[in-house]
Each structure stands twice: as structure tokens, then as C-alpha cells.
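Sequence lines, in order, name chains B and R. So the first sequence is numbered by UniProt numbering: it starts at 1 and just counts up by one. So the second sequence is numbered by UniProt numbering: it starts at 1 and just counts up by one. C-beta atoms are modelled at their ideal positions from N, C-alpha and C, and glycine is treated no differently.
Protein chains: 2
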Amino acid sequence: MQIQQILNQIYPLPEASLAQLLACIDEVSFPRKHLLLKAETIEKKIYFIKKGIVRAYAYQNDTEITFWFGKEGETIISMKSYVANQPGYENIELLEDCQLYELQTEKLQTLFEQDIHIANWGRKFAEQELIKTEERLIARQFSTAAERYTDLIKNHSDLLRRVSLGYIASYLGITQVSLSRIRGEKR
Amino acid sequence: MQIQQILNQIYPLPEASLAQLLACIDEVSFPRKHLLLKAETIEKKIYFIKKGIVRAYAYQNDTEITFWFGKEGETIISMKSYVANQPGYENIELLEDCQLYELQTEKLQTLFEQDIHIANWGRKFAEQELIKTEERLIARQFSTAAERYTDLIKNHSDLLRRVSLGYIASYLGITQVSLSRIRGEKR
DNA sequence: ATCGTTTTTTAACATTTGTAAAAGGATTCC
DNA sequence: GGAATCCTTTTACAAATGTTAAAAAACGAT
């Protein structure tokens with residue numbers, strides 16, 4: 001997925017503004033299992049996924065909980081770092097070899113003050129991430145794990161192929177045993 | 001709570017920009033039990049709460065689920081309407097007589113394109129709402145209902161006084177019977 | 001192909017949570 | 001101030017989910 005497409009999808013930018021934004025972005029690659037972001041640190045960069053799949057997880061007591069998957073076209077970001085300059089909760093681990101676009105957020109902050117189009121791009125970016133987060137929250141509050149699993153099959157069936165069920169069970173908020181029972185009932 | 005304080009808390013605005021924003025805002029009052037926002041409609045306004053407390057709820061099958069409480073200084077908004085001009089999920093009911101500041105979002109959208117300070121105000125607004133939503137999601141995914149109830153007592157003890165336990169149980173994602181059991185164990 | 005590792009399923013049992021109904025308290029409104 | 005309503009707790013039982021352990025299946029590297 002090309003970076004121009006990702007950026008313009010968020011909010012179409014005039015040529016000059018787009019060029020300024022692109023100047024803050026590099027392309028980088030990391031292997032499967034690489035830990036891209038560490039929890040409890042302030043992250044200075046955000047990433048857009050060109051190719052690959054990743055998961056965000058954190059610890060509850062001793063056990064790891066996976067709370068997000070990201071794939072092509074999506075953004076890897078520690079919102080707490082980005083918005084409030086505070087340490088975030090997420091560890092981000094690559095589940096496949098990945099190609100990423102890396103954006104220095106400090107440079108971005110400067111552009112927000114200088115260019116109204118980029119400020120509105122930043123607004124739309126936050127708004128769209130907000131809608132996604134809200135949808136996740138609503139799904140969690142209103143659907144059972146079984147329903148969310150069915151949704152996952154319907155709308156993100158590639159996840160099943162690319163991610164092991166232990167992570168998916170954790171993401172759904174149930175044990176792997178429970179997920180196995182749900183899968184069993186569908187047969 | 002004064003509107004200038006609410007607005008400037010989000011992002012400090014120059015005099016002229018603030019004046020433009022204030023020109024889009026009216027003060028309104030509604031009684032307890034008034035239904036301020038209806039689900040499945042596109043809402044053209046957002047509200048800031050001057051005085052009072054409200055809840056957002058939606059239906060899961062036949063049963064009402066309360067998924068948010070708002071009080072003084074907070075924003076009542078259908079994010080789906082605001083961001084995507086699509087019908088939202090929230091019904092908003094006033095739990096007390098309320099004084100609100102009402103903002104016409106259409107006018108706001110125009111200002112975003114004209115004034116970089118207001119564009120950045122809008123960006124910060126979305127970012128801060130995003131952090132709040134993310135924190136709610138994390139709390140839900142990482143804490144048990146009992147832990148979230150303890151949190152509620154610690155950080156929002158006024159809710160216990162102002163809101164009946166049935167709504168709080170629903171908000172915590174458990175039945176009222178379960179909440180009663182949790183409360184019983186603490187004695 | 002095979003050994004070793006990882007992933008997924010199955011089983012038995014314990015624990016938690018939900019459901020429905022009743023009873024006890026508190027509050028509201030003539 | 002008292003009937004009616006609403007809110008909260010309690011009880012008994014049913015259903016769902018978790019825990020632990022073991023077996024089965026799938027996958028990877030040599």
C-alpha cells in the first residue's frame with residue numbers, strides 16, 4: 001500500500017502540503033517477532049503499515065492480553081505518546097516481516113502550527129482513529145465473544161489465517177479453551 | 001462551568017478565534033428525563049455540560065445498555081454524526097435537570113477550513129476524546145467489573161450519589177444482582 | 001520423512017455470573 | 001402521611017466460562 005494513498009485517504013492534501021508531510025516519512029523494514037514499540041515509554045514516531053501484520057498487547061498481572069491487530073493501511077501509534085507526550089500501554093510486536101512508513105511526530109507537530117491543511121489532516125486523522133476506537137468499545141460492550149468472533153470471520157477472515165488462535169482468543173477477551181468451544185459449536 | 005474555560009482547556013485560542021467559536025454557541029436548559037439525542041439519527045449539534053449529569057444508552061436486542069455518563073465540563077456528542085455525518089448509536093437521556101452549551105457543528109466545520117487555530121482546536125478536541133475513549137476500552141479489556149467498580153468509587157464517587165445502581169451495573173457490563181454481590185463483599 | 005516444537009482441541013471439574021422471583025428499603029406524589 | 005412506585009438486596013437454581021492437564025493436530029527445521 002502506497003503512502004500517498006494512505007495519507008490522502010485520511011484527508012486530501014494540496015500538492016505542497018503533501019510534499020511537506022512526505023518529507024517527514026521514511027520507509028523501514030523489520031522481521032517477524034520484532035518488538036516495535038515498548039509499553040511505558042514515550043514513543044516519538046508513528047508508523048503506517050505498507051505490508052504485514054502486527055499486534056498490540058499489554059500485561060494484566062502476569063498474563064499478556066492482545067488488544068489490537070493492525071494490517072496493511074493501518075496506523076501503529078501510541079496515542080498517549082502522540083497526544084499527551086506520556087508513556088503508552090502498548091507493546092507492538094510484528095507477527096510477520098513488515099514494511100512500514102515511519103513518521104517523526106515532532107516534525108508533524110510543527111507542521112500543525114504552520115499549515116492549516118495539515119492541521120485539518122491531523123484533525124481528520126484523530127477523528128477517524130476515534131471512530132475506530134469507539135467501534136471497538138461498542139463491539140466489546142454490546143456483543144458476546146461468540147458474536148465478535150463471527151464478526152471477525154465475516155469482516156477480517158484473513159486474520160484467522162495470519163494470526164494464531166491464542167492471540168485472537170485474548171483479543172476477544174476469552175480463553176483459548178472458550179474460543180475452541182465456540183469454534184466447535186459452529187461445526 | 002463556564003464555556004470559555006471548557007473551550008480553552010481543550011486548546012488555548014487567540015481572542016479573535018475564540019470569539020468566532022463563541023458565536024456558534026447558545027445556552028439551553030432541559031429537565032430531568034429529557035431525551036436529548038436519539039439513536040439512528042444524524043445529530044447536527046454538540047453540547048458541553050455546564051451543569052447536570054447525563055447517560056448514553058443503546059439497545060442490545062430488547063435490553064437497554066448504558067455505556068457512558070457525562071457530567072460538568074464534558075461533551076455530549078454523537079461521534080458518528082460529527083465525524084462521518086452518519087447516524088450514531090447513542091440515546092442521551094438527562095439524569096438531572098441540565099444546563100448545556102449548544103454548538104452548531106455545521107458552522108464549526110466552516111471555521112475549520114478558515115482558521116488554523118480553530119482547526120488545531122478541533123484536532124485537540126478529537127485527540128482528547130480519543131484518549132478518553134481509549135482509556136474506557138482499556139479499562140474494559142483489562143479490568144474485571146469489580147475492579148472497575150472500585151475505580152468508580154475512587155475516581156467518580158459522585159456518580160454513586162447521582163446515578164442509580166441499575167445504570168451503573170449496566171455501565172460496568174454486569175447485572176444489578178452481580179453489582180449487589182460485589183458491593184456486599186466490600187462490607 | 002522425522003523429531004521436536006508449537007498450536008489447537010478435548011475433558012473433568014471449579015468458579016463465576018446470570019435469571020427469575022420475592023422481599024425489604026427508600027422515595028415520590030397526591 | 002400513606003399508597004404507589006422505584007430501587008436495591010437476597011435467595012435458589014441454571015448456564016456460561018475459567019482452570020488445569022492431557023491428547024491430538026499442525027508446523028518447522030534439519
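Residues near residue i by beta carbon distance below 8 Å, same chain, minus five either side
i                 : result
VAL163 of chain R : ILE53, ARG55, PHE69 and LEU95
GLU64 of chain R  : TYR57, ALA58 and SER170
SER143 of chain R : ASP151
Per DSSP, the bridge partner or partners of residue i
i                : result
TYR47 of chain R : R:ILE76 and R:GLU102
ILE25 of chain B : B:LEU103
LEU37 of chain R : R:ILE92
PHE30 of chain B : B:CYS98
Rounded separation between residue i and residue j - CA only
i                 : j                 : result
GLN111 of chain R : ILE118 of chain R : Contrary to the premise, residue 111 of chain R reads as Leu rather than Gln in this sequence. Whole-angstrom Cα-Cα distance: 7 Å.
ILE116 of chain B : GLU113 of chain R : 8 Å
GLN20 of chain R  : LEU137 of chain R : 34 Å
ILE3 of chain R   : ILE46 of chain R  : 13 Å
LYS186 of chain B : ARG161 of chain B : 17 Å
ALA23 of chain B  : GLU102 of chain B : 11 Å
GLU147 of chain R : ASN61 of chain B  : 13 Å
LYS50 of chain B  : GLU74 of chain B  : 8 Å
LEU36 of chain B  : GLU134 of chain B : 25 Å
LYS33 of chain R  : THR105 of chain B : 45 Å
ASN85 of chain B  : LEU18 of chain R  : 25 Å
ASP97 of chain R  : LYS107 of chain B : 46 Å
ILE174 of chain R : MET1 of chain R   : 33 Å
SER81 of chain B  : GLY122 of chain B : 15 Å
LYS44 of chain B  : GLU72 of chain B  : 21 Å
HIS156 of chain R : GLY184 of chain B : 42 Å
THR150 of chain B : THR150 of chain R : 33 Å
PHE48 of chain B  : LYS132 of chain R : 23 Å
PRO14 of chain R  : ASN8 of chain R   : 10 Å
GLN141 of chain R : GLN141 of chain B : 10 Å
ILE76 of chain R  : VAL83 of chain B  : 21 Å
ASP26 of chain R  : ILE25 of chain B  : 43 Å
LYS154 of chain B : ILE42 of chain R  : 27 Å
GLU93 of chain B  : PRO31 of chain R  : 50 Å
Contact under 8 Å by Cβ, residue i with residue j
i                 : j                 : result
LEU152 of chain R : MET79 of chain B  : no
GLN128 of chain B : ILE6 of chain B   : no
LEU179 of chain R : LEU165 of chain R : yes
SER29 of chain R  : GLN109 of chain R : no
ALA139 of chain R : ILE182 of chain R : no
ALA126 of chain R : ALA16 of chain B  : no
Other residues of its chain near residue i: CB distance less than 6 Å, five sequence neighbours each side excluded
i                : result
THR66 of chain B : ARG55, TYR57, TYR167, SER170 and TYR171
Sequence-distant residues of its chain with Cβ nearer than 7 Å to residue i (five each side left out)
i                      : result
ALA39 of chain B       : ALA58, GLY88, TYR89, GLU90 and ASN91
residue 198 of chain R : Given that chain R is displayed from residue 1 to residue 187, the structure contains no residue 198 of chain R and the question cannot be resolved.
ASN120 of chain R      : TYR11
LYS124 of chain B      : ILE10 and TYR11
Any non-hydrogen atom of the ligand MN closer than 7 Å to residue i Cβ
i                 : result
GLU102 of chain B : Ligands are entirely absent from the displayed structure, and the ligand MN is therefore not among its contents.
Point to revise | Segments of 4+ residues assigned as alpha helix (DSSP H) that fall wholly inside the region 50 to 121 of chain R | key: 79 to 84 and 105 to 114
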